[in-house]
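Sequence positions in the sequence shown follow the numbering used here and run 173 to 452.
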Amino acid sequence: MKITSLAQYLLPHRLLSHLAHRLAYSKTPWIKRRFIHTILAHFDVNLGEAANSDPDSYESFNAFFTRALKPGARTPDADPRTLLLPADGKVSQCGKIENGRIFQAKGQDYTAAELLGDAELAKAYENGVFMNIYLSPRDYHRVHMPWTGTLTETLHVPGRLFSVSPGTVADVPRLFARNERLVCHFDTDFGPMCSVMVGAMLVSGVETVWNGVNIPEYADAPKRIDFRGQNIRLERFAEMARFNYGSTVILLFPEGSVQLDAFAHQAPTVLGRRMGLRLG
173 MKITSLAQYL
183 LPHRLLSHLA
193 HRLAYSKTPW
203 IKRRFIHTIL
213 AHFDVNLGEA
223 ANSDPDSYES
233 FNAFFTRALK
243 PGARTPDADP
253 RTLLLPADGK
263 VSQCGKIENG
273 RIFQAKGQDY
283 TAAELLGDAE
293 LAKAYENGVF
303 MNIYLSPRDY
313 HRVHMPWTGT
323 LTETLHVPGR
333 LFSVSPGTVA
343 DVPRLFARNE
353 RLVCHFDTDF
363 GPMCSVMVGA
373 MLVSGVETVW
383 NGVNIPEYAD
393 APKRIDFRGQ
403 NIRLERFAEM
413 ARFNYGSTVI
423 LLFPEGSVQL
433 DAFAHQAPTV
443 LGRRMGLRLG
């Protein structure tokens, strides 16, 4: 294990993320400018596609990080049968869920039951398919719907806040099932669909379009919210949630419901482009 990964076991994850959260929301001009221009200097951020292209006009670093795109910057695949990529980023992993186990990296996997925090709901995905997309600091940090669905429930699962960088993912066993996360369940016309928003060190904020900020507050026990009967229906390509900094989104689909296209490890993703095809 690399020393950088090993050191993360000893770090106070929540304290560091809490401090980073306060700095990210600071409206103090020199603080927000320092963070924004550091990102611009070290990452290939395309502000030309942002609704607001002036970095110094954002009220905080978090406002810059969760910036909206200008109309038409992303468009959904024209074929209504296709599932859409939910975010800009890179494919961490994708493929088949083997007897309830999800591949993380060479020599590493975890169970769908661990990830979802619910063994009963995980049964629907026992031999289904999944896609894991990593959002880097350069990316658009909003996550959209791959397919139309009605929200049924969410589960906020407490946990650690390990980095989700490729190096740490390769080192830390069951990382995505250990980090704090928000599990979002939907009903669709092909059955259940799950979108898991995984927090990470310094990038642990999660906000949804239906419930506002969910993380932080950090959880000490699982928190389930039932949305059945509230008719929260999100259309294909609609915004679902955003990371207040960034991280990883994992999508799960039942066996026989969809066919994912072939994506290489670390292949770039563009919101709205084809991810796969609905079957049936």
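Yeah, the Cβ is synthetic: ideal placement off N, Cα and C, and Gly gets one too.
In this structure, the beta-carbon distance from F207 to R310 does not fall below 7 angstroms. By the beta-carbon neighbour count (other beta carbons within 10 angstroms, threshold 16), D398 is exposed. For K204, the three-state secondary structure derived from DSSP is helix. When secondary structure is reduced to three states using DSSP, G339 falls in the helix class.
For F233, the three-state secondary structure derived from DSSP is helix. With contacts defined as CB atoms closer than 7 angstroms, P364 and H316 fail to qualify as a contacting pair. Burial is judged here by how many other beta carbons sit within 10 angstroms of a residue's own beta carbon; D226 has fewer than 16 and is exposed.
Short of 6 angstroms from the beta carbon of R405, and not among the five residues preceding or following it, lie these beta carbons of its own chain, in chain order: T322. For T176, the enclosing alpha helix (DSSP H) begins and ends at I175 to Q180. Relative to P426, the option among A342, K268 and R253 whose CA is nearest is K268. In the DSSP annotation of this structure, the continuous segment of the beta strand (DSSP E) that includes L255 starts and ends at T254 to L256.
Under the DSSP assignment, S367 falls in the beta strand (DSSP E) whose first and last residues are G363 to V370.
Residue pairing by DSSP places E411 opposite H316 in a beta bridge. Within the same chain, and ignoring the five residues on either side of A434 in sequence, no residue has its Cβ closer than 7 angstroms to its Cβ. In the displayed model, G321 falls within a strand according to three-state DSSP. Under the three-state reduction of DSSP, L449 is assigned to strand. Of all alpha-carbon atoms in A391, A235, K295 and V442, the one lying nearest the alpha-carbon of F415 is that of A235. For C366, the closest C-alpha among the options T200, M373 and H357 is that of H357. In this structure G220 is exposed. Its beta-carbon is surrounded by fewer than 16 other beta-carbon atoms within 10 angstroms. Approximately 7 angstroms separates the beta-carbon atoms of I422 and L287; this is inside 8 angstroms, confirming the contact. Distance from the CA of K395 to the CA of S189, rounded to the nearest whole angstrom, comes to 20 angstroms. Rounded to whole angstroms, P201 and F237 show a C-alpha spacing of 16 angstroms. Straight across, the Cα-Cα distance linking L255 with L449 is about 6 angstroms.
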